[in-house]
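Below is one structure, written out as structure tokens, with a few remarks after it.
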Amino acid sequence: MKKPVLYGMDISSVCRSVSLVAKAIDLDLEFVEVNLFAGDHKSPEFLRMNPQHTIPTLDDNGNFLWDSHAIIPYLVQTYGRNDDLYPQDDIFKRARIDQRLHFDNGILYAQLRKAVTPIFFKFGTTIPQEVIIEVNAAYEFMETFLKDGLYLVGNSLTIADLSCAASISSLFELIPAEVIRFSKLHAWFQRIRGLPYYHEANGRGNTKYIALIRELREKNAMC
Ligand SMILES: N[C@@H](CCC(=O)N[C@@H](CS)C(=O)NCC(=O)O)C(=O)O
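So in the UniProt record's numbering, spot 11 of the sequence shown is number 11, and the numbers just go up one at a time.
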């Protein structure tokens with residue numbers, strides 16, 4: 001059996017969330033860079049794996065899977081030494097984790113895309129006001145999720161935290177969250193940042209991502 005291969009880019013939040021989970025379960029993934037700017041994801045070889053041409057895409061010995069929110073539970077269930085990050089027997093806890101994964105995909109990641117699309121593709125320099133409003137509403141929801149526990153589902157780290165943290169790390173840089181209003185959210189994020197593998201799996205790529213956005217904003221302002 002070969003080790004699973006992750007196709008992606010380290011600047012992409014949804015790829016970083018898979019890297020966070022892989023590190024959390026101590027899984028040795030092979031990482032293959034797919035340069036979206038060069039169109040690698042539209043090559044016939046890539047389209048054979050993932051006709052939807054998105055990263056991250058996983059190749060687990062010829063089983064191809066895409067969407068980070070499907071890849072992450074798959075990796076924990078297949079390669080995790082235990083089910084702490086995604087419990088099998090506590091069906092309701094697992095359902096709440098799934099809900100947070102959908103929250104990440106449908107709200108956090110969706111808004112992050114809306115925030116950066118004008119900058120990447122439309123020579124924009126600012127983040128649309130409606131996105132700022134939606135993201136603040138999402139911060140508010142997360143503050144509520146954290147009302148009764150240290151993590152997004154209860155008092156232990158789960159894949160919901162790792163998935164949302166990758167999006168939040170980028171959103172916090174682009175749309176800062178007020179510290180007093182969102183104190184639980186900030187404390188939670190500090191907890192995630194304290195994980196020994198955080199920097200390698202997410203922090204480094206996020207810094208590159210934010211630097212790229214800053215550079216593009218400056219360039220677009222000169223157009
Ligand atoms: N919900 C998906 C989003 C995947 C996605 O849209 N990835 C972007 C990069 S961050 C992409 O591959 N875009 C290229 C394309 O859609 O052609 C996930 O969580 O994996």
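Glycine included, C-beta positions come from ideal geometry on N, C-alpha and C. Predicted model only: the values in this text are computed from it and were never measured.
For residue i, the residue or residues it bridges with in DSSP
i	result
W66	T57
Closest residue to residue i among the options (Cα-Cα distance)
i	options	result
G154	A138, A95, L36	A95
L195	S170, F103, P87, L157	L157
L171	G124, D98, I133	I133
L212	I97, L108, I11, V5	I11
A160	L85, D26, K3, V5	L85
E173	S13, V21, K3	S13
V76	N105, S19, G62, E178	S19
H69	K122, D26, I97, D148	I97
R100	A38, H186, Y151	Y151
P118	R214, E178, D90, N105	R214
R16	T207, Y209, G80, A201	A201
R191	K23, P128, L162	L162
I25	R81, N206, P128	R81
Beta-carbon proximity list for residue i, same chain, < 8 Å, skipping 5 on both sides
i	result
L65	T57, L58, I71, Y74
T78	D60
L123	Reading the sequence as shown, one finds Phe at residue 123 and not Leu. N220, C223, listed in sequence order.
H53	H41, K42, F46, L47
7 Å Cβ shell around residue i - same chain, five flanking residues per side excluded
i	result
F182	Y139, E143
N50	T57, F64, W66
L108	A138, C164, S167, I168, L171
V34	Y7, G8, M9, D40, H41, F46, I55
K3	D28, L29, E30
Bounding residues of the alpha helix (DSSP H) (the contiguous stretch that carries residue i)
i	result
F31	Premise fails: F31 lies in the beta strand (DSSP E), 30-33, not in any alpha helix (DSSP H).
Y7	Where Y7 is concerned, there is no enclosing alpha helix (DSSP H), although the beta strand (DSSP E) it sits in stretches over 5-8.
K208	204-221
Y139	129-145
F92	91-103
H186	183-193
Nonlocal neighbours in the same chain, by C-beta distance under 6 Å from residue i, ignoring five residues either side
i	result
L146	K184, W188
Y198	none
T125	R217, N220, A221
F141	none
Q111	V131, E134, V135
I175	I132, V135
K208	I11
D83	none
G149	N155
beta-carbon residue i near ligand 2 non-hydrogen atom, thresh 7 Å
i	result
W66	Ligands in the displayed structure: ligand 1; ligand 2 is not one of them.
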